[in-house]
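Chains as they are written, first to last, in our numbering: chain D, 297 to 667; chain G, 297 to 667.
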C-alpha cells in the first residue's frame, strides 16, 4: 500500500506523523512510504534520514495522493482536495470541529481522529492526547524555568543560600504529572491540585504535596469521579472552595502551571485576575489551556504577556516546541493504530466492532460518522 | 554614609547591585541607601520592595552622586561624569579594559573591580566571577533544554521509551560544574572535559563521566596545573590530542556546553567547524565564551544561529537572564566586599595590605592602580 506523509502546514506546527523508526517498520511490512520533502526538518529529521529508512521523498501532491495518509493536524480548509476520494486519513482531526469533519466527509475520505480513542488500557499505546500531554507538561516547566528570573533548585553557594522555587500545578492529568516530575527534577517545591481525589497518591509519589479540597455534597462527590479519564465540570459550590484553597497557594507561588481541560468545552477558570494580582512580581504562569480559553482569564492564546509583574505564557502548541520527541511518540501512536485498520494482507479494512476504531472513525463514505 | 545604586544602562543588563536584603543590612549599619527608581524592576525587585527595605528612591543623578556607588557593570563612556570626584565605585569594572579604567582614574574616583579579587578561600564570599558563573552554568542548560527538540530525561511511556539526552560539558569551572549538576537534575547523560585533571573527581561526584586526555610531556603537565584557579593555555600538542578525544564525544552529543575562558585573552577553540558539521541535526551548542570570541568559531556573540542543523547559542550575558537570583548573589558579594573598605566607624578607608582590596583597586587619586 502507498502511505503518504505530507508536511504539516498549520503555522507553528513542527511535528511530523512518521519518523525514520516508523517508516522502517512500515516498509518492512511491505508498504511504500512517501514522505513530502522537508516534512521532518523542523522535527530534526532530514530528508536523508527518511530516505535511509526506506521512504521515497516526494512533493505535496505525491504525499497527499496516497491510499493512506498520515497527518499530525487536520487538513487546512482546501487541503482535503489533495486527498483522493476513497483515501484513508489518520491524524489529530479534531473530533469537535463539525465543519472540518463535514469537509472530510464531503471529500469522500475515510477519516480517523486519534484524539477520540477511548482511554482504555488497550488504547494506551495509541493515545495521542497522553503522549502529547506528556511532552506539553515537560515543556511547560522548561518554559517556566526559562522565564523565571531565579533558580528552581535550592543552592548553597559561597554567597549564601538560594531558595527553591515554589511551583503550583493545577490539574493533574498526564501533563500535570509530567510537569510535577520535571519541576521536581529541577529541584522545586511543588503543590498540586485536581478535582479528582484519586490523583492524590500519584502526586505524592512524585514528591509533591496535594492541595486537599474536601467534598461536602453527593453532587460534588459524583462529579469528581468523572467519566473516561476526564473530570466533569465540578459544581460551583466546590469550585468556590477550591478557589479559596488554591488562591492561598498561588499567592505564595513562584510558578503556576495550569492544565485543566474539558474536551470540547471552554477550559475552567482556576486562576482569577485577582489571584494573579496577589502574586509576587517575577512569578510565572504557564497556561496549558490557552488554546481553549485558558485556565486564567488574563492568558492570551499564543502570546506571553506581563500583568503587574506576573508573566503569563499562553503557548497553544507546546508539543510542537519539542518537535523531535513529540513526533517520535506521535508516530509510534499512529503506527500502533494502523495495526487496527490494516489487515494481515496489508489492506485497509474497517472493523466497526473494535471500540477504538469505532470511536476514532469520524468520516466514511461521504458521511460524518462521529456520534 | 550615602550609598547609591544606579540603574544599569548596558543593553540587556537586567541585574542590580543591591537587593532589599542588602539594603536592609546597610541601613541597619547606619548608612543611607539611595536606589534609582526602576533599578530593580528587571530583576523582579519593585521600587516598593526597595522602599520597604529602607531605601530612598531617587533619580539617576541622586544615585550616582553618592559617596559610595554600587554598580553591576562599569559606567558607560560619559557616565563617569555623574560620579563625584573622590567618590568610591564598586562593581564589575572589567580590569582588562585599560581605556575604561583610565576614564575612571581621570574622573578622580576610587574604583574597585570585583572580578580582580584573588580566588582564595577568604575571597570566596565576594567572588563575583564564581557567583555569576554559577548562574550562567544553570541557565546554559535551561537554554539548551529549551532549544533541544527532545527530552533531556529518559522516559518510559505507553508509546515506548525516549532516550536520555547526551550532554558534553567542555571546561569544568564553576559554570561547567553547575551545568553538569543542572543537566544531571534534568536526567541527561553527561561527559565533561577540562585541562585540569584535578576536576575529574568533582565531575564524577556529580554523576558525570570525565573525558581523559593523558599528558605526554612535562610542559603539558605544568601548564595543566594553572595559576589562580584558571587553566593556562595548554601546549598545542595536548590541545590536538584533546580535540581528537573531545571530537569523538561531541559527534555523539545532543547538547554541548562550552565554558573555557582565559581572563583577558581570547577564548580557546574547543569545538571546530568540522566538529559541528559532524554533529546530528537538532543538536545544540551553548557557548559561554561567546563574549570572548567563543569556544567555537561558528558562535556569533549575542545571537543564536543554526549551522547545518546544529543550533549555536551565543548569549553573552547569561546571568542577566536569571536576573533576580543573579542580583541576589551579586549584591551579597558586594555587601561582603564593603566590609573590607568600610571601617568600624562607617567610613571608607583603603587598606592596601589587604590582598583582596589591593587586587581589586583599579583606580585611585587620578591614577590607574591596576598592575
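By construction, the Cβ of each residue, glycine as well, lies at the ideal position given by its N, Cα and C atoms.
Every value quoted in this text rests on a predicted model; they were computed, and no experiment measured them.
Here residue 299 (chain G) carries a strand assignment [DSSP, helix/strand/coil]. Inter-residue distance for residue 344 (chain G) and residue 546 (chain D) is about 21 angstroms (C-alpha atoms, whole angstroms). Burial of residue 302 (chain G) is indicated by the presence of at least 16 other C-beta atoms within 10 angstroms of its C-beta.
Per DSSP, reduced to three states, the secondary structure at residue 621 (chain D) is helical. Taking 9 angstroms as the cut-off between beta carbons, the residues of the region 596-619 of chain G near chain D are 605, 617, 618 and 619, in sequence order.
Residue pairing for residue 553 (chain G): DSSP places it in a beta bridge opposite G:465 and G:582. Neighbours of residue 340 (chain D) across chain G, judged by C-beta separation under 8 angstroms: 445, 446, 576, 577, 578 and 605. Against chain G, the CB of residue 495 (chain D) has no partner CB under 7 angstroms away; the residue lies outside that interface. Looking at the backbone, the Cα of residue 298 (chain D) and that of residue 486 (chain D) are separated by about 49 angstroms. Counted as a single uninterrupted DSSP element, the alpha helix (DSSP H) harbouring residue 347 (chain G) occupies residues 343-348. The Cβ of residue 309 (chain G) sits no closer than 7 angstroms to any Cβ of chain D. Residues of chain D with a Cβ closer than 7 angstroms to the Cβ of residue 442 (chain G) are, in chain order, 438 and 442. Residue 325 (chain G): not part of any beta strand (DSSP E); DSSP gives it neither H nor E. Counting only runs of 4+ residues, the alpha helix (DSSP H) found wholly inside the region 395-476 of chain G occupies 424-443, in chain order.
Taking 8 angstroms as the Cβ-Cβ cut-off, the region 447-460 of chain D approaches chain G at 447, 449, 451, 453, 454, 455, 456 and 458, given in chain order.
The Cβ atoms of residue 582 (chain D) and residue 477 (chain D) lie no closer than 7 angstroms to each other.
Residues of the region 473-507 of chain G that bring their beta carbon within less than 9 angstroms of a beta carbon in chain D comprise 474, 477, 478, 481, 482 and 483, in sequence order. Residue contact with chain G for residue 420 (chain D): present (Cβ-Cβ distance below 7 angstroms to some residue of chain G).
Cβ-Cβ separation between residue 356 (chain D) and residue 331 (chain D): approximately 11 angstroms, too far for a contact (criterion under 8 angstroms).
With contacts defined as CB atoms closer than 7 angstroms, residue 319 (chain D) and residue 359 (chain D) fail to qualify as a contacting pair.
Beyond the five residues adjoining it in sequence on each side, residue 607 (chain G) comes within less than 6 angstroms, by CB distance, of 443 and 580 in the same chain, given in chain order.
At a beta-carbon threshold of 8 angstroms, the residues of chain G lying near residue 625 (chain D) are 453, 455, 456 and 458, ordered along the chain. The C-beta of residue 550 (chain G) has 16 or more other C-beta atoms within 10 Å across all chains shown, which makes the residue buried. With 16 or more neighbouring CB atoms inside 10 Å of its own CB, residue 575 (chain G) falls in the buried class. Per DSSP, residue 333 (chain G) is not a residue of any alpha helix (DSSP H), being assigned neither H nor E. Sixteen is the threshold: since fewer than 16 other Cβ atoms of the shown chains lie within 10 Å of the Cβ of residue 639 (chain D), the residue is exposed.
The straight-line gap separating the alpha-carbon atoms of residue 543 (chain G) and residue 599 (chain D) is approximately 40 angstroms. Judged by DSSP in its simplified three-state form, residue 387 (chain D) adopts strand.
At a C-beta separation below 8 angstroms, residue 621 (chain D) has these neighbours in chain G: 445, 446, 447 and 458.
Here residue 602 (chain G) is exposed: its Cβ has fewer than 16 other Cβ atoms, across all protein chains shown, within 10 Å.
It is roughly 15 angstroms from the alpha-carbon of residue 374 (chain D) to the alpha-carbon of residue 385 (chain D).
Contact between residue 458 (chain G) and residue 450 (chain G) holds: CB atoms are separated by about 6 angstroms, below the 8 angstroms threshold.
If you draw a straight line from the Cα of residue 657 (chain D) to the Cα of residue 422 (chain D), it comes to about 14 angstroms. Residue 519 (chain D) and residue 530 (chain D) have their C-alpha atoms spaced approximately 6 angstroms apart. Under the DSSP definition of a beta bridge, residue 505 (chain D) partners with D:487. The residues 301, 302, 303 and 312, in chain order, have a CB closer than 7 angstroms to that of residue 335 (chain G) in the same chain once the five nearest residues on each side in sequence are set aside.
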